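Trainee: Quick note on the numbering used here: the sequence shown kicks off at 1404 and runs consecutively.
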Amino acid sequence: MPTGSADAPAEAPEAAGPIGNGSELPEAVELDDARAIRAIAHPARLVVIDALYDRGLALTATQAAALAGTSPSAMSYHLRALERYGLVRRGTPSGDGRERPWVRAAQDVRIRPPEPAAKHAVALATGAVVSTAIEVFRDRVLRSLQRGQDESSRIPLDSATSFQTATVIVTTEEARDLLHAIREVIDPMREERRTDPPEEAGRLSLVVATAPDTDQTHLGAIAEERDDPPEPERS
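1. Can you tell me the Cα-Cα spacing of Leu1609 and Glu1502, whole angstroms?
2. Would you identify the three-state DSSP class for Glu1443, choosing helix, strand or coil?
3. Would you check if the distance between the CB atom of Val1532 and the CB atom of Ile1443 is smaller than 8 Å?
4. If you compare alpha carbons, which of Thr1473, Leu1581, Leu1607, Arg1541 is closest to Pro1559?
5. With a threshold of 7 Å, establish whether the CB of Arg1546 neighbours any heavy atom of the ligand HEM.
6. So, using beta-carbon positions, are Leu1449 and Val1539 closer together than 8 Å?
7. Take Thr1570 as the anchor and find which of Thr1617, Glu1595, Asp1590 has the nearest alpha-carbon.
8. With DSSP run on the structure shown, which of helix, strand or coil describes Arg1507?
9. If I'm right that Val1573 touches Leu1581 with Cβ under 8 Å, what's the distance once you round it to whole angstroms?
10. What did DSSP end up calling Pro1416 once you bin it into helix, strand or coil?
11. Give me the residue from Val1451, Arg1458, Leu1482 with the minimum Cα distance to Pro1591.
12. Is it right to say Gln1466 is buried, meaning 16 or more other beta carbons lie within 10 angstroms of its own, or is it exposed?
13. Kindly give me the distance between the Cβ atoms of His1481 and Ala1439, rounded to whole angstroms, as I take these residues to be in contact under 8 Å.
14. Measure the C-alpha to C-alpha separation of Tyr1456 and Ser1547 and round it to an integer number of angstroms.
15. Shorter than 8 Å from the beta carbon of Arg1493 to some beta carbon of chain C?
16. Is Val1573 helix, strand or coil by DSSP?
17. Does His1445 pass the burial test, meaning 16 or more other C-beta atoms within 10 Å, or should it be called exposed?
18. Out of curiosity, what's the CA-to-CA distance linking Asp1511 and Ile1452?
19. Pull up the distance between the alpha-carbon of Thr1463 and that of Ala1584, whole angstroms please.
20. Helix, strand or coil for Ile1640, going by three-state DSSP, please let me know.
21. Please classify Leu1527 as buried or exposed, where buried requires at least 16 neighbouring CB atoms within 10 angstroms.
22. Return the CA-CA distance between Glu1554 and Leu1485, expressed in angstroms with no decimal places.
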């Protein structure tokens, strides 16, 4: 949770509201095929996945296109591609029945470790998704920073824009506990769960990214210092 951006995608016209907490849905869509993983490595598709999964919305192709800044025909193509890999599905028709909205197919999307023979292709596809997601988030941060230079376009949550990094010393179990604690803080504030937020509240994008630091040389020095503490100075 150390990074944040106050920028949000453009509002979709007459967007359908949240579809509930998703408890009736399968726990997750698991992707272990390189083609399926590459299917989400596109900025417009990641914006839609964010809206459907993180915000719990139901969107028509026109509404999704407005959010992602693309044409309805292009968005229809993207949605069909996501449907092909089980990421989205058609929802209940809207009141006028003219267009069925798209909804998420599960509560979460997960990339599952593949079989050894497919590891290289999946690693490349996963890298493409990570790169695209980081690019989308970077653009939100930069737009927020640009607004900060112009008082007339600034929004209150621009003051929360930040980029922070930290290195912690943890075991594998402690790392899992840390990520669980972060999720516990974030989950009650997710849009689909916060049904009555304060009037002044807005959307804040958070990215949680962790990776091991393979340089472990300093840990050995720390251990040696603990095992052999320096002798106290004598007066």
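Every residue gets a Cβ at the ideal spot worked out from N, C-alpha and C, and that includes glycine. On a predicted model such as this, the values are computed, not experimentally measured, just so you know.
Mentor: According to the structure shown:
1. Computed Cα separation, rounded: 32 Å.
2. Looking at the sequence shown, residue 1443 is not Glu but Ile. In the structure shown, Ile1443 sits in coil (DSSP, three-state: anything other than H, G, I, E or B).
3. Going by C-beta atoms, Val1532 is nearer than 8 Å to Ile1443.
4. The shortest C-alpha separation from Pro1559 is found at Leu1607.
5. The model depicted lacks the ligand HEM and carries no ligand whatsoever.
6. Result yes, Cβ atoms of Leu1449 and Val1539 sit closer than 8 Å.
7. Here the closest residue by C-alpha is Thr1617.
8. Here DSSP, grouped into helix, strand and coil, assigns Arg1507 to strand.
9. Correct: roughly 6 Å between the Cβ atoms.
10. Confidence in Pro1416 is poor, its pLDDT being 44 and thus under 50, which makes the residue's placement too unreliable to answer from.
11. For Pro1591, the nearest C-alpha among the options comes from Arg1458.
12. By the C-beta density criterion, Gln1466 is buried, having at least 16 other C-beta atoms within 10 angstroms.
13. That pair is no contact at about 14 Å.
14. The straight-line gap separating the alpha-carbon atoms of Tyr1456 and Ser1547 is approximately 23 Å.
15. The chain labelled as chain C is not found in the depicted structure, where only one protein chain is given.
16. The three-state reading of DSSP puts Val1573 in coil, since its state is none of H, G, I, E or B.
17. Looking at its Cβ environment, which holds 16 or more other Cβ atoms inside 10 Å, His1445 is buried.
18. Each residue's Cα considered, the two are about 10 Å apart.
19. Between the alpha carbons of Thr1463 and Ala1584 lies a distance of about 35 Å.
20. Because the chain here runs from 1404 to 1638, residue 1640 falls outside it and cannot be looked at.
21. Counting Cβ neighbours within 10 Å, Leu1527 comes out exposed, since fewer than 16 surround it.
22. Looking at the backbone, the Cα of Glu1554 and that of Leu1485 are separated by about 39 Å.
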